[in-house]
Amino acid sequence: MKDWATLTTVEEMEAVTNSLLENGKKVGADTWQQRVKNQTPHCGFGEAGTCCRICSMGPCRITPKSPRGICGCDVHGIVARNYLRFTVGGTAAHSDHGREIMHTLHQTSPDGNYQIKDPEKLIRIAKEWGVETEGKDIYDLAHEMAEVGLMEYGIPFGTQKFAKRPPQHTQDLWDAAGITPRAIDREVATAMHMTHMGCSSLAEALIRQSLRAGLSDGWGGSMMGTEFSDVMFGTPKPVDTTANIGVMEKDMVNIIIHGHDPSLSEMVVHYAQDPEMIALAKSFGAKGINVAGVCCTSNEVAMRHGIPMAGNFLNQENVVLTGACEAIVVDIQCIFPALGPLSKCFHTKFITTSPIARMPDSEFIQFDVESAGEKAKAIVKMAIENYQNRNWDLVNIPAQKQNARVGYSVEAIKKVLDTVANSQVDEFGTTKPLIECIHSGVLRGAAAFVGCNNPKVRQDAAHIGLMKKLLENDVIIIVSGCSAQAAAKAGLMDPEKAKEYCGAGLKRVCELANIPPVLHMGSCVDISRMMVLASDIAKDWGINISQIPLVGCAPEWMSEKAVSIGNYVVATGIETFLGVDPYSKGSSEVTELLQGEHGINDWVEAKFVVDTDIDSLGDKMLECIEAKRAALGI
Ligand code: MSK
2 MKDWATLTTV EEMEAVTNSL LENGKKVGAD TWQQRVKNQT PHCGFGEAGT
52 CCRICSMGPC RITPKSPRGI CGCDVHGIVA RNYLRFTVGG TAAHSDHGRE
102 IMHTLHQTSP DGNYQIKDPE KLIRIAKEWG VETEGKDIYD LAHEMAEVGL
152 MEYGIPFGTQ KFAKRPPQHT QDLWDAAGIT PRAIDREVAT AMHMTHMGCS
202 SLAEALIRQS LRAGLSDGWG GSMMGTEFSD VMFGTPKPVD TTANIGVMEK
252 DMVNIIIHGH DPSLSEMVVH YAQDPEMIAL AKSFGAKGIN VAGVCCTSNE
302 VAMRHGIPMA GNFLNQENVV LTGACEAIVV DIQCIFPALG PLSKCFHTKF
352 ITTSPIARMP DSEFIQFDVE SAGEKAKAIV KMAIENYQNR NWDLVNIPAQ
402 KQNARVGYSV EAIKKVLDTV ANSQVDEFGT TKPLIECIHS GVLRGAAAFV
452 GCNNPKVRQD AAHIGLMKKL LENDVIIIVS GCSAQAAAKA GLMDPEKAKE
502 YCGAGLKRVC ELANIPPVLH MGSCVDISRM MVLASDIAKD WGINISQIPL
552 VGCAPEWMSE KAVSIGNYVV ATGIETFLGV DPYSKGSSEV TELLQGEHGI
602 NDWVEAKFVV DTDIDSLGDK MLECIEAKRA ALGI
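What the sequence shown shows, in our numbering, is residues 2 to 635, in sequence order.
Put into structure tokens, the structure is as follows:
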């Protein structure tokens with residue numbers, strides 16, 4: 002096995018960050034590294050989940066001397082209520098993103114700002130939902146589907162349409178556990194009602210609702226967000242790009258897009274390629290316009306257009322610290338409010354665009370479907386005009402960059418693998434070649450990496466370290482969110498370099514299929530793609546999802562969305578490994594429910610494994626994969 006000679010190490014990335022922090026010191030910039038120090042140590046009650054401030058009799062904090070809150074709720078009820086509220090914050094955010102996508106779909110038109118780029122996918126989903134497609138204009142169908150999809154948020158009776166996608170066995174488990182998701186908004190409202198003062202304090206019921214709300218996200222709001230983004234912006238196919246801070250260009254106007262909703266970023270990308278805008282940039286002395294991304298917006302446009310990825314969650318301040326960022330344009334979620342004051346230390350324009358994410362010290366340009374083109378053009382123009390305000394003494398773009406091949410939607414994964422196995426493939430391919438590789442032991446299994454960075458974990462070290470361990474052991478990796486960017490920055494998505502770090506079986510598969518061993522499946526909303534892939538593998542193999550040698554992992558997660566994701570991944574039957582505790586350790590009962598053999602494991606055939614020792618977490622992931630292989634007799 003080669004050493005990390007051709008990859009970028011965490012140490013090298015840290016050295017680059019340190020040089021950027023030095024840049025920041027020159028202008029008195031405040032950064033998260035300093036704020037973490039200011040905030041440490043964290044509140045022990047908060048970390049254990051044992052503080053309740055749901056009503057105004059408290060806040061109540063549980064200790065051995067005061068084992069119940071003023072209302073009499075015990076520690077298990079308090080921790081479980083906090084856990085459920087933590088979950089539905091994420092469910093609401095993800096699903097509201099999906100709702101916005103459905104509203105955009107409703108306003109698509111052949112000559113408007115948004116069109117239908119994948120009509121076949123729209124028709125496929127319409128048939129799945131029982132919507133008549135024959136003889137319909139594709140835009141009429143899109144509008145009808147948008148209305149049907151929007152009803153999923155508030156439908157008064159029945160359950161979610163996409164909840165019919167997984168194998169029957171999974172659906173039966175959900176029904177038996179009483180967690181099949183109903184209307185998305187209802188699951189969020191029910192959770193808020195259950196956790197209101199004087200309602201549920203039974204941990205088991207609260208955890209059950211956490212799973213149900215999570216499922217309404219993963220097999221509801223997020224899934225619609227993904228599927229209909231593909232319909233409007235195109236289903237991703239493999240495309241080459243670059244990653245890490247070195248994607249910023251010294252002599253170009255740098256526009257950084259950050260957030261989640263592709264409706265904004267697609268438009269910014271479009272206008273940055275407009276010859277009129279490029280000519281304008283040149284008139285200001287720049288060589289052109291360079292758009293690069295941060296966080297999941299970056300994943301969206303990298304997957305569909307090969308737009309370079311400047312970094313993940315904890316790199317968002319780094320792009321400003323280069324002194325070469327003309328504008329950082331954000332939409333929703335995972336945006337540091339710190340970007341406002343930080344931008345003011347440089348010439349950078351911090352542009353917020355969504356009423357959902359309003360921030361001080363930003364320029365607010367409200368983005369909407371009708372005026373999207375006009376607004377995006379104005380934003381690009383604003384960035385170009387700002388190029389002349391750069392302080393060249395502060396420009397520091399470290400030369401760290403790796404090649405990455407991204408764009409592995411479920412459709413793309415099936416097609417690329419099936420093309421290797423069969424000269425004749427049907428339209429979309431199947432998962433059978435992947436199953437054969439796992440069955441024969443050429444691949445030991447698969448791991449789905451998701452989630453964020455968290456200053457509690459050395460940035461990217463857990464993502465990259467765990468991936469390296471699994472690759473060496475012939476475990477293929479699918480990845481999304483900021484985990485994907487960690488891999489890309491390191492070079493693990495470079496098909497040439499990364500295969501050298503794999504075991505012999507995985508290396509052979511990568512060579513035959515011409516793929517990297519870490520397959521980029523998209524943004525955090527796109528974890529729904531992973532659910533579809535797992536579901537298709539189970540159906541093609543004729544086993545249950547929980548039997549597949551497949552594990553989920555979020556080693557550096559931090560957001561409420563990640564908790565919602567964790568709930569739906571585990572409820573789908575995939576054992577899920579976490580490197581950060583979800584504020585549940587204060588209750589033995591909740592810990593047992595989430596992590597024990599006879600809690601949620603009895604309901605959905607999977608559970609959480611929490612271990613902050615990352616090496617030990619990796620060992621447990623490999624053990625889990627091998628145990629599943631042994632149980633299958635392979
Ligand atoms: S952006 S939720 S830090 S993955 Fe989706 Fe990254 Fe986590 Fe936000």
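Built from N, CA and C at the ideal position, the CB exists for glycine as well. Since the structure is predicted, the reported quantities are computational estimates derived from the model, not experimental observations.
Check                                                                                                                                                        : Outcome
Is the separation between the beta-carbon of residue 281 and that of residue 382 shorter than 8 Å?                                                           : yes
Please state if the CB of residue 318 and the CB of residue 347 are separated by a distance shorter than 8 Å.                                                : no
Terminal residues of the continuous beta strand (DSSP E) containing residue 18?                                                                              : From DSSP, residue 18 is part of no beta strand (DSSP E) but of the alpha helix (DSSP H) over 11-27.
Should residue 432 go down as buried or exposed, given a rule of 16 or more other Cβ atoms within 10 Å for buried?                                           : buried
Tell me whether residue 334 counts as near the ligand MSK, meaning its Cβ is closer than 7 Å to at least one heavy atom of that ligand.                      : yes
Helix, strand or coil: which one does DSSP assign to residue 371?                                                                                            : coil
With DSSP run on the structure shown, which of helix, strand or coil describes residue 475?                                                                  : coil
Using CA coordinates, which residue listed in 441, 525, 412 is at the minimum distance from residue 453?                                                     : 525
Answer yes or no: the CB of residue 87 versus the heavy atoms of the ligand MSK, is any distance below 7 Å?                                                  : no
In whole angstroms, what is the alpha-carbon distance linking residue 98 and residue 224?                                                                    : 11 Å
Per DSSP, what are the beta-bridge partners of residue 229 in this structure?                                                                                : Residue 229 is not bridged to any residue.
Measure the C-alpha to C-alpha separation of residue 1 and residue 478 and round it to an integer number of angstroms.                                       : Because the chain here runs from 2 to 635, residue 1 falls outside it and cannot be looked at.
In the DSSP assignment, the beta strand (DSSP E) including residue 523 goes from what residue to what residue?                                               : 519-523
For the alpha helix (DSSP H) that residue 191 lies in, which residues bound it at each end?                                                                  : 185-195
In terms of residues, what are the limits of the alpha helix (DSSP H) holding residue 461?                                                                   : Where residue 461 is concerned, there is no enclosing alpha helix (DSSP H), given that its DSSP letter is neither H nor E.
Cα separation between residue 411 and residue 532?                                                                                                           : 10 Å
Going by C-alpha to C-alpha distance, which of 90, 52, 473 sits closest to residue 499?                                                                      : 473
When we look at the beta-carbon of residue 42 and count the other beta-carbons within 10 Å, is it buried (16 or more) or exposed?                            : exposed
Name, in chain order, the residues that DSSP records as bridge partners for residue 609.                                                                     : 577
So does residue 98 have its beta carbon nearer than 7 Å to some heavy atom of the ligand MSK?                                                                : no
How would the residue list near the ligand MSK read, in chain order, if you kept each one whose beta-carbon is closer than 5 Å to any heavy atom?            : 296, 297, 314, 335, 453, 482, 483, 525, 560, 562
Can you name the start and end residues of the beta strand (DSSP E) that residue 494 belongs to?                                                             : Note, residue 494: premise wrong, no beta strand (DSSP E); not H, not E.
If you count every other CB in all the chains shown that lies within 10 Å of the CB of residue 82, and 16 or more means buried, which is it?                 : buried
Closest to residue 105 by C-alpha separation, out of 407, 61, 87, 227, would be which residue?                                                               : 227
Can you give me the start and stop residues for the alpha helix (DSSP H) that residue 554 sits inside?                                                       : From DSSP, residue 554 is part of no alpha helix (DSSP H) but of the beta strand (DSSP E) over 551-555.
Do the stretch 83-102 and the stretch 562-573 make contact, defined as three or more Cβ pairs closer than 8 Å?                                               : yes
For residue 290, report the span of its beta strand (DSSP E) as first-last.                                                                                  : 290-295
By the 10 Å Cβ neighbour count, where 16 or more other Cβ atoms means buried, how is residue 356 classified, buried or exposed?                              : exposed
Can you name the start and end residues of the beta strand (DSSP E) that residue 255 belongs to?                                                             : 254-259
Nearest to residue 558 by CA position, among 446, 378, 591, 314, is which residue?                                                                           : 314
With distances taken between CB atoms, is the gap from residue 210 to residue 193 smaller than 8 Å?                                                          : no
Can you grab the Cα-Cα spacing for the pair residue 604 / residue 597, in whole Å?                                                                           : 12 Å
Give the straight-line distance between the Cα atoms of residue 392 and residue 22, rounded to the nearest whole angstrom.                                   : 16 Å
Considering only heavy atoms of the ligand MN, does any lie closer than 7 Å to the CB of residue 473?                                                        : This structure simply doesn't include the ligand MN; it includes the ligand MSK instead.
For the stretch 233-252 against the stretch 108-119, are there 3 or more C-beta pairs whose distance is under 8 Å?                                           : yes
Using 10 angstroms around the beta-carbon of residue 614, count the other beta-carbons present and answer buried if the total reaches 16, otherwise exposed. : exposed
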